[in-house]
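FYI, the numbering for the sequence shown is 1 to 323, going by the numbering used here.
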Amino acid sequence: MAELEPPIVPDRPFFRWVQQNKAFDRLRQVLRGVRPWKDKSMNVYDVGRFFFLGLVNGSVSTRSAAISFRLFVAFFPVMILLLSIIPYTPLETEEVLLSLEQFFPKQAIELFESTVSDLIGQRQGTLLSVGVVLLLYYASNSVNAILLGFGQSAHSAGPQQNWMIFRLLSIGLLLVLSILLVLAVFMIGFAGDVLNWAEARGWLDSINIPLVTVARWALSFGLIYVAVTILYNVGDRMSHPWEWWSIGATGTTALFVLLTFTFSWFIDQFASYNSLYGSLGTLLITLLWLNSISSILLLGFELNAAINRARMDTEKQFETSLS
């Protein structure tokens, strides 16, 4: 197991005041008694302390900016490849756009909406080949940036040092994430047809809830959660088993859905924003959305890393007491 340096408490007036404050000391004692994890030796105070110090010492804003830039560069190659595949399937243009809007703000889709009909209407073999090459390069760079961002956490063992292994790992992750995205688009696109087929046979007559919307959002939530969980497990190089359920991944997925919905609602309420800035406004919105997504990715990872660090610290104290 990799050894980590003790977290550094910044020498600032605020932190010195907090450490000497009696009210905070009482709160600390209360939080140390809250132990919601299976390992009852861990407490909320230790996890919160590691999480807070990880944010302070980890330059989260700088890391999220680097990730969001790489994601923005990879955004268009991914969309070109995805839209180039659509003509080889029975999906309709409206179904594709509706599926994409489950994952991206509507304003981001509008960046390339004018070319969607042409791409979907006819097969583009050359464009498909070019899209694969661009996807492998730019999108793997974005995965690289995410893994590097995870590796620069104050509670991480650091990124993979072998550049060849790191690149192959990024490409492998990219393929897995691409498959999840393609599956999401196809399954969401066909969800309406499946429910209409079931309704035509009288199986859904007694159900009055909007099943299509519920199914699409549930599927979106599940696929996003799987993608985030895979990223977190691969990005954390500390020695512990894979965790398919974690607080960080759950919170990140919920915030992702909430953030996408909030962005769409916000832009709908302030339609004059695009009237003032035009297409530049759409680019700014997309960049802001990507930066927000990068930030919540890092926050979720930092939370998981803080929990693991608290667990490691507890185990180390136990081993020391036995020696």
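Positions of the beta carbon are idealized from the N, C-alpha and C atoms, including for glycine.
Should residue i and residue j be called a contact, given that it needs their Cβ atoms to be closer than 8 angstroms?
{"i": "residue 340", "j": "residue 232", "result": "The shown model of the chain, from 1 to 323, leaves out residue 340, and the question about it has no answer."}
{"i": "residue 44", "j": "residue 27", "result": "no"}
{"i": "residue 140", "j": "residue 174", "result": "yes"}
{"i": "residue 58", "j": "residue 302", "result": "yes"}
{"i": "residue 135", "j": "residue 60", "result": "no"}
To the nearest angstrom, how far is the alpha carbon of residue i from that of residue j?
{"i": "residue 246", "j": "residue 256", "result": "15 angstroms"}
{"i": "residue 163", "j": "residue 24", "result": "45 angstroms"}
{"i": "residue 286", "j": "residue 260", "result": "11 angstroms"}
{"i": "residue 151", "j": "residue 75", "result": "23 angstroms"}
{"i": "residue 166", "j": "residue 144", "result": "8 angstroms"}
{"i": "residue 35", "j": "residue 66", "result": "36 angstroms"}
{"i": "residue 309", "j": "residue 47", "result": "8 angstroms"}
{"i": "residue 312", "j": "residue 42", "result": "10 angstroms"}
{"i": "residue 2", "j": "residue 156", "result": "Note that residue 2 scores a pLDDT of 49, beneath 50, so its modelled location is shaky and nothing firm can be said."}
{"i": "residue 223", "j": "residue 180", "result": "7 angstroms"}
{"i": "residue 297", "j": "residue 132", "result": "26 angstroms"}
{"i": "residue 182", "j": "residue 243", "result": "24 angstroms"}
{"i": "residue 138", "j": "residue 172", "result": "14 angstroms"}
{"i": "residue 20", "j": "residue 215", "result": "52 angstroms"}
{"i": "residue 314", "j": "residue 55", "result": "21 angstroms"}
{"i": "residue 265", "j": "residue 22", "result": "44 angstroms"}
{"i": "residue 29", "j": "residue 49", "result": "13 angstroms"}
{"i": "residue 13", "j": "residue 284", "result": "37 angstroms"}
{"i": "residue 325", "j": "residue 16", "result": "This structure gives no information on residue 325, because the portion of the chain shown stretches from 1 to 323."}
{"i": "residue 252", "j": "residue 241", "result": "20 angstroms"}
Give me the residue from the options with the minimum Cα distance to residue i.
{"i": "residue 294", "options": "314, 69, 155", "result": "69"}
{"i": "residue 53", "options": "142, 154, 149", "result": "154"}
{"i": "residue 234", "options": "60, 283, 183, 168", "result": "168"}
{"i": "residue 176", "options": "229, 58, 133", "result": "229"}
{"i": "residue 254", "options": "182, 217, 138, 264", "result": "217"}
{"i": "residue 263", "options": "289, 283, 241, 13", "result": "289"}
{"i": "residue 63", "options": "142, 16, 132", "result": "142"}
{"i": "residue 149", "options": "227, 236, 258", "result": "236"}
{"i": "residue 250", "options": "20, 227, 241, 55", "result": "227"}
In the DSSP assignment, find the unbroken alpha helix (DSSP H) run with residue i in it and report its ends.
{"i": "residue 45", "result": "44 to 57"}
{"i": "residue 29", "result": "22 to 32"}
{"i": "residue 141", "result": "140 to 151"}
Less than 8 angstroms between the CB atoms is what I'm expecting for residue i and residue j, so what's the real figure, rounded?
{"i": "residue 248", "j": "residue 304", "result": "4 angstroms"}
{"i": "residue 306", "j": "residue 51", "result": "4 angstroms"}
{"i": "residue 147", "j": "residue 178", "result": "In fact, because the Cβ distance is near 16 angstroms, the residues do not count as touching under 8 angstroms."}
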